[in-house]
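See structure below.
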């Protein structure tokens, strides 16, 4: 399958003498793949995606998206190839949800143009496809976290870019919304999109991803199929807490025709309460 | 715009209203003596047009800056243009130059101040809006100090009062011949701002996002800074320093039409023109002594802004 994102020997540091935040990072994501980027805080996940998005200029190395060297692309050309869903967005001004989505059409508009009726229809239809049509005229700043994330996904969709980059898209979401976003993202991947997302949950990668990349201290620690990359040993070392990766035995009648589903668990137990405290019924004042 | 000028005109003496009608539509209204007509066309009309220009230009550039900096507290003089223009004008007045030359110096001072601001921010903080704004504050403060210096050296009986009155803001010295060029510059700048309305809207929603959506933000910054500087410097050269309009009017406009720049710009221009026309009408008709324009806009604009904030609080929290 064709490569969709290729990062080769990327290095980056803030300031002249600063330590390298990224050091020789290489990464490959194929077309129509969901790749999860994992790693402790400060490992360089966000720096890496900001480099891919053209927001930071790397010192060394090269990147290409959908076969185009990103260094040779203008902002507008890059925006037609990569769409970005930020972790959270706070608009200072009370834009409506539809206006926020319309901004996704910017890479296709001339500098002196504004969105056309057709753009408007497309954005409305996309919002409706995501089940968020009713939000169109509401101020974006008054939406809940899940509704904002849906809006940002709609904006990325109308950008019609083959590659989506998501920065912790579910960090602010409740359990149900988290699963809904992953369902949506995997359906996009099934339809041909390539998705690179950062996440703090190894279980996200085990459950949903085609590929996992583990980052540690500015370089790639491991990369490959999620169940090969995410092992108890690696996670324990990476996060410095004991972690175990196990699988649920599927029910007897489904055995054989279903892939084993792995998940990871912390191997720690909450401290025992002092004797007596647990036995007493909660006091009701 | 002219019809709005008419609508606001009844605040002036009734005699002039009918005269104004007669001048615009031949045959209508009460015919006036030729002396009255000269008073009207050569004194009243330039003043009304100047008020419209000043109000519209300040509000339009305020709206552009607020969008570009994603900050509703920014006003058009944030990069030091007003103070720089004030200093240029003060120099001209100090040496007793004619009003035309004073205008040129004011314009040059405003543009120079912004150039210094941009140069500082380029040297020490490439691409950071925070550094840009801080540099603007520094340059503005230094220009203010230089204004004080010219006042210190000015002759207290002749040039000092003229400097002080100019800085307070007034439409007194406007004639058709010194109005048309600044108005033309401001008009051209408005046109450019309207052309880049969509990139400005996208920038207003967030800088990084604008970049990932393919907006060339440095180009848009440059265009906005150049146009607003031209607009504000032109305005100061006509009317001295008129505060508050550029801060308050975009807020009001945003309440009516939302933050999208393709609607915000025209609304700000319109409301700004009406507001300044009204304030100027009040200033010259409330008493026989004329109130300085800059003082009035602050006196009216301040409480107005507080009222606006009180109303908007619900939406912001």
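Protein chains in written order, with my numbering: chain A, 2 to 286; chain B, 147 to 463. No residue lacks a Cβ here, since even glycine has one placed at the ideal position from N, Cα and C.
Item                                                                                                                           : Value
Residue 270 (chain B) classed as buried or exposed, judged by whether at least 16 other C-beta atoms fall within 10 angstroms  : exposed
Unbroken alpha helix (DSSP H) run spanning residue 53 (chain A), endpoints                                                     : 46 to 53
Closer than 9 Å at the beta carbon, the chain A residues around residue 362 (chain B)                                          : 75, 76, 77, 112
Three-state secondary structure (DSSP) of residue 6 (chain A)                                                                  : strand
Status (buried if at least 16 other CB within 10 Å, exposed otherwise) for residue 271 (chain A)                               : exposed
Distance between residue 29 (chain A) and residue 394 (chain B) (C-alpha atoms, nearest Å)                                     : 52 Å
Range covered by the beta strand (DSSP E) that runs through residue 263 (chain A)                                              : 263 to 267
Proximal residues to residue 290 (chain B) (C-beta, below 6 Å), its chain only, five neighbours per side dropped               : 229
Residue 60 (chain A), buried or exposed, once every other Cβ within 10 Å from all chains shown has been counted against 16     : exposed
Best match in A:125, A:51, A:242, A:267 for proximity to residue 8 (chain A) [C-alpha to C-alpha]                              : A:51
Euclidean distance between Cα positions of residue 158 (chain A) and residue 212 (chain A)                                     : 22 Å
Candidates A:215, A:12, A:179, A:103, of which the one nearest residue 42 (chain A) by Cα                                      : A:215
Secondary structure, beta strand (DSSP E): runs of 3+ residues fully inside the region 171 to 200 of chain A                   : 195 to 199
Rounded C-alpha distance that separates residue 369 (chain B) from residue 248 (chain A)                                       : 59 Å
Which listed residue (A:62, A:58, A:148) has its alpha carbon closest to that of residue 24 (chain A)                          : A:62
Cross-chain neighbours of residue 351 (chain B) in chain A, by beta carbon under 9 Å                                           : 90, 92, 93, 94, 96, 100, 101, 104, 141
Spatially closest choice to residue 232 (chain B) from B:404, B:391, B:350, B:308, by CA coordinates                           : B:308
Test: residue 345 (chain B) CB closer than 8 Å to a CB of chain A                                                              : yes
Ranges of the alpha helix (DSSP H) found wholly within the region 60 to 131 of chain A, counting only runs of at least 4       : 76 to 82, 98 to 103, 118 to 130
Cβ pair residue 347 (chain B), residue 414 (chain B) closer than 8 Å                                                           : no
Interface partners of residue 348 (chain B) on chain A, CB under 8 Å                                                           : 104, 107
Rounded C-alpha distance that separates residue 424 (chain B) from residue 331 (chain B)                                       : 24 Å
Inter-residue spacing [alpha-carbon to alpha-carbon] between residue 266 (chain B) and residue 165 (chain A)                   : 38 Å
Selected residue, minimal CA-CA separation from residue 209 (chain B), among B:453, B:404, B:388                               : B:404
Neighbour flag for residue 80 (chain A) against chain B, beta carbons, 8 Å                                                     : yes
CB of residue 163 (chain A) within 8 Å of CB of residue 82 (chain A), strictly                                                 : yes
Where residue 85 (chain A) meets chain B, residues with beta-carbon distance less than 7 Å                                     : 358
Touch test, the region 373 to 388 of chain B against the region 195 to 208 of chain B, Cβ-Cβ under 8 Å, three pairs minimum    : yes
Coil, strand or helix - residue 247 (chain A) by DSSP                                                                          : strand
Integer Cβ distance of residue 324 (chain B) from residue 246 (chain B), believed to fall under 8 Å                            : 6 Å
CB contact check: residue 4 (chain A) to chain B, cutoff 8 Å                                                                   : no
Near-chain A residues of the region 395 to 414 of chain B (beta-carbon distance less than 8 Å), N- to C-terminal order         : 400, 404, 405, 406, 408
Segment limits, beta strand (DSSP E) that includes residue 21 (chain A)                                                        : 21 to 31
Own chain partners of residue 255 (chain B) with C-beta closer than 6 Å, once the 5 adjacent residues on each side are dropped : 230, 231, 233, 234
DSSP-derived helix/strand/coil call for residue 223 (chain A)                                                                  : strand
Buried versus exposed, by CB contacts within 10 Å (16 or more), residue 46 (chain A)                                           : buried
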